[in-house]
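Novice: For reference, the structure I am asking about is given below.
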Amino acid sequence: MIYQTNWKASSLWTISKEEKKELEVIFEAVRKSEEFRDISKKSEFNQFLRQAEIDALGIDQAGKVYAIDIAFHEKGLRYGSTDEEAAARVTKKLVRSYLAMRGYFPGREYEIIFASPKVGPTRDIVIDKAVESLCRILGDVNREKFKYITNDAFRDDILRETLRVTKDDADTNELFLRSYKLLRLYCPELKAMFESKE
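Under my numbering, residues 78 to 275 are what the sequence shown spells out, in order.
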């Protein structure tokens, strides 16, 4: 796996004319849908795509591309003042990532993930429904390409899994893993809490 954090497409990268036309059709279909009509009131396709910035972009050995955005707020996801605003921000990120994956990595398998360790129950339901609607519009009814991972699923599928598979890494430059290993020296209960599958 190779990855880059804070990924943004280079201004030198181009998208084929055919692919761009397809992406513009997809963009307009999302924008004209009742649920997402406000997704891009102020920007046209080119500007909307140029604004795509992905927290972490990775490519595995098989060539599958992963676009991951992560939001962490101690008191729970704070995107906007309402649940609907939060859902709009999350889906806007997913649409931008989707268009970037289709445009800059054509023909590749990809997975687009939005993850947050803490989202309030009502907000979580509203966002999940919005992601489901987006998947329906984009033809991903089984949610194979889009993942919305929060709360307990974040703990189990991301945090625990990361700590489990890296527990034997002796040398790491990852600040998070180094911090975790330091904490584990003084809090051995962390090992049982996070490194075992329950």
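Every residue gets a Cβ at the ideal spot worked out from N, C-alpha and C, and that includes glycine.
Pick helix, strand or coil for Val167, following the three-state DSSP scheme.
Specialist: Within the sequence shown, residue 167 is the residue found at index 90, counting from 1. Reduced to three states, the DSSP call for Val167 is helix.
Novice: Please state the DSSP three-state secondary structure of Ala66.
Specialist: This structure cannot settle anything about residue 66, because the visible part of the chain is limited to 78 through 275.
Novice: Use the C-beta contact count for Met270: other C-beta atoms within 10 angstroms, 16 or more gives buried, fewer gives exposed.
Specialist: Residue 270 sits at position 193 when you count from the first residue of the sequence shown. It is exposed - the Cβ of Met270 has fewer than 16 other Cβ atoms within 10 Å.
Novice: Taking a contact to mean a Cβ-Cβ separation below 7 Å, would you say Tyr181 touches Trp90 in this structure?
Specialist: As a first step, residue 181 must be located in the sequence shown, where it is residue number 104. As a first step, residue 90 must be located in the sequence shown, where it is residue number 13. Result yes, Cβ atoms of Tyr181 and Trp90 sit closer than 7 Å.
Novice: Can you give the beta carbon distance from Ile116 to Thr159, rounded, assuming they're within the 8 Å contact cut?
Specialist: The residue given as residue 116 occupies position 39 in the sequence shown. The residue given as residue 159 occupies position 82 in the sequence shown. Going by Cβ atoms, the distance from Ile116 to Thr159 rounds to 16 Å, so no, they are not a contact pair.
Novice: What alpha helix (DSSP H) runs, 4 residues minimum, are completely inside the region 190-274?
Specialist: For the region 190-274, whole alpha helix (DSSP H) runs of length 4 or above, ordered along the chain, are 198-214, 238-242, 252-263 and 266-271.
Novice: Take Arg55 and list the residues in its own chain whose beta-carbon comes closer than 8 Å to its own, dropping the five residues that flank it on each side.
Specialist: It is not possible to answer for residue 55, since the shown part of the chain is limited to 78 through 275.
Novice: Do you know how far the Cα of Asn250 is from the Cα of Arg220?
Specialist: Here residue 220 is taken as the residue at index 143 of the sequence shown, counted from 1. Here residue 250 is taken as the residue at index 173 of the sequence shown, counted from 1. The alpha-carbon atoms of Arg220 and Asn250 are separated by roughly 33 Å.
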